[in-house]
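See below for the structure under consideration.
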């Protein structure tokens, strides 16, 4: 783990020290009752502009891979970054265990 980036396994929150970061992520998501599957990213509880991914649903409940990359400026001494499902009834799944939410994420501290 890079200094300034911390995560507790099983938690949806990643803590970032103040700085600028490149964030890239992939989720396996589905939404049983929506026409779209989407994920959103929050910094300190607020949506990050341009970091939401939306894809038309192939069929209700179908698993789909969603990926995104973006720059984020973390202004506070300690910041919380969270990647979450954003679809009506949507979920994020681990590829092995469908009951465990999971995201593959790469974070690079730029400054």
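Numbering (our numbering), first residue to last: 60 to 170. All C-beta atoms in this analysis are idealised placements derived from N, C-alpha and C, irrespective of residue type, glycine included.
In this model, residue 165 and residue 114 are separated by some 21 Å (Cα to Cα). Relative to residue 70, the option among 88, 97 and 140 whose CA is nearest is 140. Residue 79 sits in a strand when the DSSP states are folded into three classes.
If you compare the alpha carbons of 100, 137, 96 and 112 with that of residue 121, the shortest gap goes to 96. When the Cα atoms are used, residue 81 and residue 91 turn out to be separated by approximately 31 Å.
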